[in-house]
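Number 228 in numbering that gives the first Met the number 0 belongs to position 229 of the sequence shown; there are no gaps in the numbering.
Don't be surprised by glycine CBs; every beta carbon is placed ideally from N, CA and C.
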Amino acid sequence: MADGLSNRRPLLWVGMAGSVVVPLAFLDQVNRFALLPQILSLQLVGLAGLIVWVLASRGTWRNSRLLLPVLIFFTLETLSVLVAENPVLSLLPIATHFSFLVYFIVLLNLENPEDFHIVLKVSSLTGGLASTIGLAQFLGWEPSWIPTAGLPSATMGHRNIAAAYMVGILPFTFLLWSEARNTRKIIFWGSVIGLQSAFLIATRSRGAWTGLGLGLVSIIVFYHLSSRGSKGP
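In structure tokens form, the structure reads like this:
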């Protein structure tokens, strides 16, 4: 048991670090004060994950159905550099998405499924913290040490980016709430959902609202179809 913990804990720590440091990273008095620090944090987390994956986990590999579409998307995006008007600038999103790809591989190779659940919990709690900051900004709190180009933005630099982040985090929090089996956890994760939903509304980002709505409708439709298929002859 001790050997198993020692092998998987480093990757778990990397996974948790990525879910906390990346969305909360910012640096005042620099250009792109949120984007660049967050990309740098993501790249450092990805590099640490690769090192830990090779050394602690000995490069063990886990396959996933999600890996193929992720690789196809990244390959097509990389090839788009060949037709880009400014190939140098087009490397920034590619570098960012490559770091996300590495982070995805790190999460994919967590030894125990419960470790992924721990990362989800940390991600949702981080989203709750960001929502608390964003709602405070919406109510008039404007600290000079958190740079922003459009309130309420929490630590994301702009309300639209914060809204996109909330759209990505909310499904995880819903999952944790739906899996809760005692009253305290149900109330706790329900409160986190309330914070995140309130902040998403406060961002006034109609595109994010639409994206979340379409995503929820798609999930309901696919769930309904899969349920019907499982009841077939």
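- Judged by pairs of C-beta atoms under 8 Å, the region 63-70 does not touch the region 120-129, as fewer than three such pairs exist.
- In this structure, Trp176 keeps its C-beta atom at 8 Å or more from the C-beta atom of Ile168.
- Across the structure, Gly149 and Val21 are spaced so that their CA atoms are roughly 19 Å apart.
- Between the alpha carbons of Met155 and Ala161 lies a gap of roughly 5 Å.
- By the 16-neighbour rule on beta-carbons within 10 angstroms, Trp188 is buried.
- For the pair Val19 and Leu119, the Cα-to-Cα distance works out to about 11 Å.
- Contact between Phe32 and Pro146 holds: CB atoms are separated by about 4 Å, below the 8 Å threshold.
- DSSP places Pro36 in the helix class (H, G or I) of the three-state scheme.
- Nearest to Phe73 by alpha-carbon distance, out of Arg203, Ile132, Val101, is Val101.
- The beta carbon of Ala179 lies closer than 6 Å to those of Ile185, Trp188 in the same chain, with the five residues before and after it left out.
- For Trp144, there is no enclosing alpha helix (DSSP H), as DSSP marks it with neither H nor E.
- Contact between Val105 and Gly214 is ruled out by a C-beta separation of about 24 Å, above the 8 Å threshold.
- When DSSP assignments are scanned along the region 21-101, the uninterrupted stretches of alpha helix (DSSP H) that are 4 or more residues long and fall wholly within it turn out to be 34-54, 66-78.
- In this chain, the alpha helix (DSSP H) harbouring Ser123 covers 112-137.
- Within the region 155-212, the complete alpha helix (DSSP H) segments at least 4 residues long are 158-178, 182-201, listed from N- to C-terminus.
- At a Cβ-Cβ threshold of 8 Å, Asp114 and Leu11 count as neighbours.
- With contacts defined by Cβ atoms closer than 8 Å, Ser89 and Arg158 do not form a contacting pair.
- Here Pro36 is not near Ala47, since their CB atoms are 8 Å or more apart.
- When the five nearest sequence neighbours on each side are left out, the beta carbons in the same chain lying within less than 6 Å of the beta carbon of Leu211 are those of Val166, in order along the chain.
- A straight-line Cα-Cα distance of about 23 Å links Gly45 and Pro170.
- In the structure shown, Ala148 adopts coil according to DSSP, grouped into three states.
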